[in-house]
Amino acid sequence: IHRWTGDDGLPQNRISALAQTPDGYLWCGTWFGVARFDGVKFTSFDHNRVAAFRDDAVNALAVDRIDGSLWVGTRDGLLRYAKGDWRRLGTGDGLPGPMVWRLLPRTKGGVWLDCAGRIAVATDHGIVWVSAPIGTAPDGPADETIRQLVSESGDALTFLTDSGPKRIRFGEPMASTQPVPDFSSPAWRAVLMDDEGRLVTAGTEEGLATRVDSRWNWVATSRQGWSEQTPVLHRDPTGVIWGAPRTKGLGQLRDGEWKPVA
Amino acid sequence: LTSALNDREGGLWLGTSDGL
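For the protein sequence lines, the chains are A and B, in the order given.
Numbering of the first sequence is given in the numbering used here, commencing with residue 189 and proceeding in unit increments.
Numbering of the second sequence is given in the numbering used here, commencing with residue -16 and proceeding in unit increments.
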């Protein structure tokens, strides 16, 4: 494991998001703008160099599936970098609020985004759709913080709130609740899906759970001395599931068991 | 850990609260 920090040219040490564009560059989102890494050196983009940055705090990055442009969710606006040119979409362009929390690329190009408690879609035509506030859906509790944009299927997005997975279709205002048999949790933090679109691993306020066939099994819970939320889950190409408990470093989920790595 | 990425060359990149 090699580690790069500010000493190597990163503008700031807290990485909020990562993305790789088709030209091979690795992009790092930080609180002090975006850094482009060529494998040797970092090049910074922030309000000192690029007018589109009203605020340098970056929450999310996504690469456009159609044209390879880079989408950047910041604390004040949605930015797009294409062909060497930065553009910004803000509340004056239909963004429901200044703060863009999360991004997920759409198969048809553009991105799903999470902003001001709503889901929206941005394309090269601008903000093309905004949902109703998620917390006021008739079937849901009033307070539902969006935790993750999980995956796209057709023209629908599956996303995760504190109260569990939801689905919303492009153009329709309200989200529907995704039923999860045999599993309830006080607050969901992150999930992974398999190739068939089924939830297979869940990080919750209570611990970490996996699904085998249709049954959920707790891997680590508060009853076993596990007091950690797991807000980040990631599956690598070999199928290993990586998890990051909030303060306990990094570990792997292997054969239904949690193995700390670092 | 704040983020993770598989690059096209087979590398796994981890974004953390203290470096890449």
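Beta carbons: idealized from backbone N, C-alpha and C, even for Gly.
Residues near residue i by beta carbon distance below 6 Å, same chain, minus five either side
i	result
Gly285 (chain A)	Cys303 and Ala304
Ala270 (chain A)	Ser257
Gly282 (chain A)	Ile315
Residue i (DSSP reduced to helix, strand or coil)
i	result
Gln412 (chain A)	helix
Ile307 (chain A)	strand
Gly194 (chain A)	helix
Ile322 (chain A)	helix
Gly439 (chain A)	strand
Neighbourhood of residue i by C-beta distance below 8 Å, restricted to the same chain and skipping five residues each side
i	result
Trp317 (chain A)	Ala308, Val309, Phe358 and Gly359
His235 (chain A)	Gly221, Phe241, Arg242, Asp243 and Asp244
Ala320 (chain A)	Arg306, Pro361 and Met362
Where residue i meets chain B, residues with beta-carbon distance less than 9 Å
i	result
Trp430 (chain A)	Leu(-16), Ala(-13), Leu(-5) and Leu(-3)
Thr193 (chain A)	Asp1, Gly2 and Leu3
Per DSSP, the bridge partner or partners of residue i
i	result
Phe347 (chain A)	A:Leu337 and A:Lys354
Ser232 (chain A)	A:Ala223
Whole-Å CB distance - residue i paired with residue j, under 8 Å assumed
i	j	result
Val260 (chain A)	Leu249 (chain A)	6 Å
Trp446 (chain A)	Leu396 (chain A)	7 Å
Ser0 (chain B)	Leu206 (chain A)	Wrong, their Cβ atoms sit about 13 Å apart, outside the cutoff.
Gly217 (chain A)	Val246 (chain A)	3 Å
Leu301 (chain A)	Arg290 (chain A)	7 Å
Chain-order list of residues whose beta-carbon lies under 7 Å from that of residue i (same chain, five-residue window excluded)
i	result
Arg377 (chain A)	Arg335, Gly391, Thr392, Glu393, Gln417, Thr418 and Pro419
Glu332 (chain A)	Ile322, Gly323, Thr349, Asp350 and Ser351
Trp192 (chain A)	Leu198
Thr311 (chain A)	Gly297 and Gly298
Under 7 Å by beta carbon: chain B residues contacting residue i
i	result
Asp252 (chain A)	What Asp252 (chain A) touches in chain B: nothing, since even the nearest Cβ is about 16 Å away.
Asn463 (chain A)	Absent from the structure is residue 463 (chain A), since the part of chain A shown begins at 189 and ends at 450.
Contact set between residue i and chain B, taken where Cβ atoms lie within less than 8 Å
i	result
His422 (chain A)	Ala(-13)
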